[in-house]
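Enquirer:
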Amino acid sequence: MNVTSVEQAYQILGETLPLQKIAAHGANEGLYSFDTREATRHSYITAIVKQASPDVMAQCATYAKFWDIRDQTAGYEAKLAAYVPPSLPDDAYALRQGDIRKYASHDQDSTRNSAIAFVDHRHLYPLEWRKTAAARLIARAEKHGSHLPQYVETELHKTACLGWIDAAKAEDALVQRMNKVAGHSDVTEKLAALVNELDDTDAVYDPEFVKAAVAAFEDFDAATGMTDHYGAGVGLPEEIIGQSTNVLEKCAGVSNTFTKLSNGAEIDLFNLKKTALEAIDPELVKLSNDELADVLPTLPKGDADLLAHLARG
Numbered sequence: 018m019n020v021t022s023v024e025q026a027y028q029i030l031g032e033t034l035p036l037q038k039i040a041a042h043g044a045n046e047g048l049y050s051f052d053t054r055e056a057t058r059h060s061y062i063t064a065i066v067k068q069a070s071p072d073v074m075a076q077c078a079t080y081a082k083f084w085d086i087r088d089q090t091a092g093y094e095a096k097l098a099a100y101v102p103p104s105l106p107d108d109a110y111a112l113r114q115g116d117i118r119k120y121a122s123h124d125q126d127s128t129r130n131s132a133i134a135f136v137d138h139r140h141l142y143p144l145e146w147r148k149t150a151a152a153r154l155i156a157r158a159e160k161h162g163s164h165l166p167q168y169v170e171t172e173l174h175k176t177a178c179l180g181w182i183d184a185a186k187a188e189d190a191l192v193q194r195m196n197k198v199a200g201h202s203d204v205t206e207k208l209a210a211l212v213n214e215l216d217d218t219d220a221v222y223d224p225e226f227v228k229a230a231v232a233a234f235e236d237f238d239a240a241t242g243m244t245d246h247y248g249a250g251v252g253l254p255e256e257i258i259g260q261s262t263n264v265l266e267k268c269a270g271v272s273n274t275f276t277k278l279s280n281g282a283e284i285d286l287f288n289l290k291k292t293a294l295e296a297i298d299p300e301l302v303k304l305s306n307d308e309l310a311d312v313l314p315t316l317p318k319g320d321a322d323l324l325a326h327l328a329r330g
């Protein structure tokens with residue numbers, strides 16, 4: 018969704034924005050009301066812009082049918098979905114994989130809307146995509162001063178693997194999966210062995226171990242078909258991560274993990290593999306993210322092109 022505000026949506030649609038705010042009732046942060054035809058129309062447009070959950074969109078469609086404006090609102094949905102800003106660069110999106118560009122986050126409103134929508138729909142994407150998009154959204158929210166709902170901020174940090182492995186949560190996640198999986202003894206035993214070790218190791222606080230443990234759950238889910246049940250009875254692997262206010266404050270500098278190379282490519286240092294750095298210069302592996310943010314933009318174009326290629330792999 019490239020529309021960043023309700024006001025912009027009305028401009029694109031060629032409609033007149035209501036002069037007086039329409040009173041809303043009920044849940045959904047007071048955004049939606051269906052008491053009148055005009056309120057329903059406004060709520061439908063708002064839901065599209067906010068990239069509301071499927072349940073909210075279904076509610077909007079039901080009331081649009083009731084007020085006999087379903088054809089009109091369906092047209093709104095199609096027009097806004099097709100809207101492409103004239104010069105929005107790849108770097109303005111949190112999720113960029115091949116031809117996929119989603120979750121525009123180039124200003125305060127777009128970042129907030131995309132962060133909420135991403136948290137609602139992140140189960141649709143592979144772990145590496147989720148981690149990268151979440152880290153970008155955290156960074157963009159900090160950069161643009163976007164005020165995110167607390168649950169969104171928490172889930173973004175978990176998805177970006179910022180925190181530690183909570184042994185109790187990991188055990189619950191394992192039990193949940195074992196209750197749904199028949200067979201697959203090899204991968205089940207491997208995951209169970211990992212969980213059993215969590216109480217006896219300080220590695221649960223190591224960022225690399227945290228990523229590896231979450232990836233182990235994802236590998237198990239892929240091997241057993243659990244990924245098909247994400248969002249429908251099976252929690253995402255990153256739910257094994259524990260957090261606290263101190264952790265979130267410590268992670269607040271995640272925006273510094275993004276840097277731009279001399280060829281214009283944006284590099285996410287948080288997810289950059291050591292092998293990619295070693296291919297350029299083994300000495301780069303020894304540098305902190307802050308140091309890399311200063312050094313990588315000075316690489317000659319040939320090295321920058323190679324690093325950009327390896328970072329995408």
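Residue numbers (this note's numbering): 18 to 330.
Glycine included, every Cβ here is placed at the ideal spot set by N, Cα and C.
These figures come from a predicted structure and were not determined experimentally.
Tell me whether Q28 sits in a helix, a strand or coil according to DSSP, three-state version.
Expert: Here Q28 sits in helix by DSSP.
Enquirer: Measure the C-alpha to C-alpha separation of A229 and Q260 and round it to an integer number of angstroms.
Expert: Going by the C-alpha atoms only, they are around 17 Å apart.
Enquirer: Anyone know if the C-beta pair for A190 and K148 falls short of 8 Å?
Expert: No, Cβ-Cβ distance for A190 and K148 is not below 8 Å.
Enquirer: Between the region 103-118 and the region 84-93, can you find at least three pairs of beta-carbon atoms closer than 8 Å?
Expert: The answer is no - the region 103-118 does not touch the region 84-93, with fewer than three Cβ pairs under 8 Å.
Enquirer: Any idea if L286 is buried or exposed, counting beta-carbon neighbours within 10 angstroms, 16 or more meaning buried?
Expert: Flag for L286 reads buried.
Enquirer: Taking L30 and K96 to be in contact with their CB atoms under 8 Å, please state how far apart those CB atoms are, rounded to whole angstroms.
Expert: The Cβ separation is near 6 Å, so the contact holds.
Enquirer: Beta carbon of F51, beta carbon of Y27: below 8 Å?
Expert: Their beta carbons are not under 8 Å apart, which means F51 does not touch Y27 by this criterion.
Enquirer: Counting only the same chain and skipping the five closest in sequence on each side, list residues whose C-beta sits under 8 Å from that of A325.
Expert: For A325, where only same-chain residues beyond five positions count, the Cβ hits under 8 Å are L278, N280, A282, I284.
Enquirer: For a quick check, are the C-beta atoms of L105 and F135 less than 8 Å apart?
Expert: No; because the gap between Cβ atoms is not below 8 Å, this pair is not in contact.
Enquirer: Would you say I297 and L309 are within 8 Å of each other, going by their C-beta atoms?
Expert: Result no, Cβ atoms of I297 and L309 do not sit closer than 8 Å.
Enquirer: Would you report the Cα separation of H246 and D126, rounded to the nearest angstrom?
Expert: For H246 and D126, the distance between alpha carbons rounds to 31 Å.
Enquirer: Going by the beta-carbon positions, is the gap between A132 and A156 smaller than 8 Å?
Expert: No, the pair does not count as a contact, with Cβ atoms beyond the cut-off.
Enquirer: Please report the residue range of the alpha helix (DSSP H) in which Q260 lies.
Expert: No alpha helix (DSSP H) holds Q260; DSSP gives it neither H nor E.
Enquirer: Within the continuous beta strand (DSSP E) that includes E214, where are the two ends?
Expert: Segment 202-214 is the alpha helix (DSSP H) holding E214; no beta strand (DSSP E) there.
Enquirer: Using 8 Å for Cβ pairs, my map puts I62 next to D183. What's the rounded Cβ distance?
Expert: Wrong, their Cβ atoms sit about 41 Å apart, outside the cutoff.
Enquirer: Bridge partners of A121, per DSSP?
Expert: Y110, per the DSSP bridge assignment.
Enquirer: For A44, I'd like the list of residues in its chain whose CB is within less than 8 Å of its CB, leaving aside the five on either flank, ordered along the chain.
Expert: With a pLDDT of only 39 at A44, under 50, the local geometry of the prediction cannot be trusted, and no value is derived from it.
Enquirer: How many Å lie between K175 and D216 at the Cα?
Expert: Approximately 20 Å, taken between the alpha carbons.
Enquirer: Taking the beta carbon of L141 as the centre, do at least 16 other beta carbons fall within 10 Å, making it buried, or is it exposed?
Expert: Looking at its Cβ environment, which holds fewer than 16 other Cβ atoms inside 10 Å, L141 is exposed.
Enquirer: Rounded to whole angstroms, what is the Cα-Cα separation between I86 and R58?
Expert: Their backbone Cα atoms lie some 8 Å apart in a straight line.
Enquirer: Straight-line CA distance for S22 to A240?
Expert: Rounded to whole angstroms, S22 to A240 spans 41 Å at the Cα level.
Enquirer: Report yes if the CB atom of N130 is closer than 8 Å to the CB atom of V66, and no otherwise.
Expert: Yes, the Cβ-Cβ distance between N130 and V66 is below 8 Å.
Enquirer: Where are the alpha helix (DSSP H) runs, 4 residues long or more, that stay fully inside the region 78-104, in chain order?
Expert: The qualifying runs are 87-99.
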